[in-house]
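Here is the structure we will look at.
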Amino acid sequence: MGEFIYNRELDYASLEHIVEMQEKLLKQHMLHCKDNSPFYRKLLSDVDLSGNSFDILKTLPFTDKSQLNSSPQSFTAVPENDIRDIVFSSGTTGNPLPVPYTENDLKRLTYNEYKSFLACGMLPSDRVLLTCTLDRCFIAGLAYYEGAKAIGAATIRNGLNTLESHVEIIRRLQPTVIVGVPSFLKRLGMYLEDERLKIDHVRMLICIGEPIRDRQFGLNSLGKLLEKSWSAKVYSTYASSETITSFCDCTAGNGGHLHPDLGVLEIVDEDGNPVPDGEVGEIVMTPLRMEAMPLLRFRTGDMSYITREPCVCGRNSLRLGPVLGRKQQMMKINGTTLYPQTVFTALENIEPVVDYYVIAREGENRMYDYAEVHVALESDAADIESIIRRLAAHIRIKLPMYITDIADVRAKVFSSSNRKPQRFFVLNSDGSEGGADGIQ
Numbered sequence: 005m006g007e008f009i010y011n012r013e014l015d016y017a018s019l020e021h022i023v024e025m026q027e028k029l030l031k032q033h034m035l036h037c038k039d040n041s042p043f044y045r046k047l048l049s050d051v052d053l054s055g056n057s058f059d060i061l062k063t064l065p066f067t068d069k070s071q072l073n074s075s076p077q078s079f080t081a082v083p084e085n086d087i088r089d090i091v092f093s094s095g096t097t098g099n100p101l102p103v104p105y106t107e108n109d110l111k112r113l114t115y116n117e118y119k120s121f122l123a124c125g126m127l128p129s130d131r132v133l134l135t136c137t138l139d140r141c142f143i144a145g146l147a148y149y150e151g152a153k154a155i156g157a158a159t160i161r162n163g164l165n166t167l168e169s170h171v172e173i174i175r176r177l178q179p180t181v182i183v184g185v186p187s188f189l190k191r192l193g194m195y196l197e198d199e200r201l202k203i204d205h206v207r208m209l210i211c212i213g214e215p216i217r218d219r220q221f222g223l224n225s226l227g228k229l230l231e232k233s234w235s236a237k238v239y240s241t242y243a244s245s246e247t248i249t250s251f252c253d254c255t256a257g258n259g260g261h262l263h264p265d266l267g268v269l270e271i272v273d274e275d276g277n278p279v280p281d282g283e284v285g286e287i288v289m290t291p292l293r294m295e296a297m298p299l300l301r302f303r304t305g306d307m308s309y310i311t312r313e314p315c316v317c318g319r320n321s322l323r324l325g326p327v328l329g330r331k332q333q334m335m336k337i338n339g340t341t342l343y344p345q346t347v348f349t350a351l352e353n354i355e356p357v358v359d360y361y362v363i364a365r366e367g368e369n370r371m372y373d374y375a376e377v378h379v380a381l382e383s384d385a386a387d388i389e390s391i392i393r394r395l396a397a398h399i400r401i402k403l404p405m406y407i408t409d410i411a412d413v414r415a416k417v418f419s420s421s422n423r424k425p426q427r428f429f430v431l432n433s434d435g436s437e438g439g440a441d442g443i444q
């Protein structure tokens with residue numbers, strides 16, 4: 005699969021050079037799939053791979069999580085003795101999906117995050133506080149840890165811990181960069197303010213798991229709040245366990261850059277057809293230079309859009325917009341199409357709301373046709389009707405809203421059974437509640 009050695013010229017290569025390089029890497033990737041993956045060996049048995057790899061790729065069927073979940077072993081393309089690490093990614097049924105990595109895949113993981121952190125301005129002199137877990141078969145924390153180490157920065161692995169624990173770490177070790185979920189960093193910032201602790205050494209927040217940008221690549225309300233409360237620059241990154249290829253903001257903050265030597269990106273509509281640049285569709289990734297579990301045209305289930313315009317930072321790679329929601333979480337209520345993330349972003353901008361979650365019900369055609377919002381408020385005197393109106397103004401539809409005790413909301417959202425905050429829940433046909441995949 006080649007060595008993973010950083011080449012600055014590649015980051016700023018011309019579009020022509022990028023396409024030429026990707027075509028060669030894609031051909032190697034498809035040959036690896038055909039020669040070594042039981043699933044793709046069968047799929048590609050009658051496919052001639054000698055032509056243009058991009059043209060061939062467009063003719064191939066998509067791969068989705070249900071296929072991986074039903075037969076994960078058929079996607080493994082290396083001998084068992086070559087596997088060095090196994091993580092879990094949630095499948096469409098909610099059952100954990102094992103994702104194996106070879107030593108080379110782990111080097112790729114480090115290289116991927118090194119390039120991402122370098123692009124957004126992390127320095128060898130930084131101290132990086134990781135508020136995400138490195139255990140429980142979770143890949144993200146390991147990726148950020150290895151990426152920061154590769155930069156030369158000092159890492160502080162406090163992981164999923166209490167606000168009090170992180171405050172003590174921040175006070176004693178004075179990190180300059182914090183990596184974490186935006187809604188948690190918001191709570192952490194509020195806690196610091198309540199304790200009247202002045203923090204002036206944090207210069208950068210790298211946000212994972214939730215969007216902090218709007219459709220124009222500007223900061224959304226949560227992003228603006230974080231930047232103001234921490235007096236720090238905020239950057240966003242997106243990835244999935246199956247593809248281990250991240251899209252991270254550069255210092256210009258104009259969307260997540262694709263690392264062109266690590267993946268081929270497509271955005272498709274419901275029928276699998278490519279959509280015009282700037283139009284929202286499903287993210288489809290072909291991660292290049294993967295050994296253990298190589299994938300072709302993997303449907304992530306996440307909804308976003310791309311732009312091909314050169315970035316002001318000088319890079320010519322594709323840029324991915326914020327993840328607007330998950331395809332399987334799309335709701336259609338009274339004719340209005342809505343994603344949970346839109347509700348979350350709006351609630352983050354409504355001051356009396358301190359925490360929240362959404363419960364949806366599935367109607368006909370497996371589409372959610374009902375949703376209700378549960379909120380915890382900072383004051384019992386808050387006007388709930390005003391909050392409902394303000395939310396409706398943001399999302400263009402009025403949803404039922406219920407005031408819920410803050411402890412109950414946080415116990416549900418930050419359940420110990422979840423590796424990241426979960427704010428979207430499904431009301432089953434029998435009236436019981438079930439979880440749904442969170443925004444990645």
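For what it's worth, the numbering used here labels the leading residue of the sequence shown as 5, then goes sequentially.
Note that CB positions come from ideal geometry on N, CA and C, so glycine has one too.
- Beta-carbon to beta-carbon, Tyr-361 and Lys-416 are separated by about 6 Å, close enough to satisfy the 8 Å threshold.
- Per DSSP, the beta bridge partners of Met-405 are Val-377.
- Remark: C-beta atoms of Leu-262 and Phe-251 approach each other more closely than 8 Å.
- Around Ile-354, the same chain offers Ile-391, Arg-394, Leu-395 as residues with beta carbons nearer than 8 Å, after the five sequence neighbours per side are excluded.
- Between Leu-189 and Leu-230, the C-beta gap is smaller than 8 Å, which places the two residues in contact.
- Asp-15 is bridged by DSSP to nothing; it lacks a bridge partner.
- Of the candidates Pro-179, Leu-292, Lys-202, Leu-292 places its Cα closest to the Cα of Asn-116.
- Collapsing the DSSP output to three states places Arg-293 in coil.
- The straight-line gap separating the alpha-carbon atoms of Gly-55 and Ser-41 is approximately 21 Å.
- Cβ-Cβ distances below 6 Å link Lys-402 to Ala-396 in the same chain, with the five nearest sequence neighbours on each side left out; the list follows chain order.
- Looking at the DSSP output, Cys-252 sits in a beta bridge with Thr-241, His-261.
- The C-beta of Arg-200 has fewer than 16 other C-beta atoms within 10 Å across all chains shown, which makes the residue exposed.
- Take the alpha-carbon of Ala-296 and the one of Ile-87: they are about 7 Å apart.
- In the three-state reduction of the DSSP assignment, Gly-285 falls in the strand class.
- A direct Cα-Cα distance of roughly 38 Å separates Val-357 from Arg-312.
- Per DSSP, reduced to three states, the secondary structure at Arg-365 is strand.
- Taking each of Asp-39, Val-268, Ile-160, Ser-308 in turn and checking the Cα distance to Leu-29, the smallest one comes out for Val-268.
- Taking 3 residues as the shortest admissible run, the stretch 75-150 contains the following complete beta strand (DSSP E) segments, listed from N- to C-terminal end: 87-94, 100-106, 131-134.
- Between Leu-299 and Thr-247 the beta-carbon gap is near 7 Å, inside 8 Å, which marks them as a contact.
- The residue from Phe-428, Phe-418, Gln-426, Ser-129 with its alpha-carbon nearest to that of Asn-165 is Phe-418.
- Separation of Tyr-16 and Gly-305 (C-alpha to C-alpha, rounded to the nearest whole angstrom) is 30 Å.
- A straight-line Cα-Cα distance of about 32 Å links Ser-321 and Asn-73.
- The continuous alpha helix (DSSP H) containing Phe-43 extends over residues 42-47.
- Under DSSP, the beta-bridge partners assigned to Ala-158 are Arg-131.
- In the DSSP annotation of this structure, the continuous segment of the alpha helix (DSSP H) that includes Ser-169 starts and ends at 167-177.
- A direct Cα-Cα distance of roughly 23 Å separates Leu-146 from Thr-255.
- If you compare the alpha carbons of Phe-348, Arg-301, Val-185 with that of Leu-47, the shortest gap goes to Arg-301.
- Less than 8 Å divides the Cβ of Arg-427 from the Cβ of Phe-348.
- Closest in C-alpha terms to Asn-11, from the list Thr-63, Tyr-118, Lys-62, comes Tyr-118.
- Here DSSP, grouped into helix, strand and coil, assigns Thr-346 to helix.
- The Cβ-Cβ distance between Glu-150 and Thr-180 does not fall below 8 Å.
- Shown here, Ile-410 sits in a helix according to DSSP, grouped into three states.
- Per DSSP, Arg-191 is one residue of the alpha helix (DSSP H) stretching across 186-198.
- DSSP, read as helix, strand or coil, puts Arg-217 in strand.
- In the three-state scheme derived from DSSP, where H, G and I count as helix and E and B as strand, Met-25 is classed as helix.
- Assignment of Thr-180 by DSSP, reduced to helix, strand and coil, places it in the coil class.
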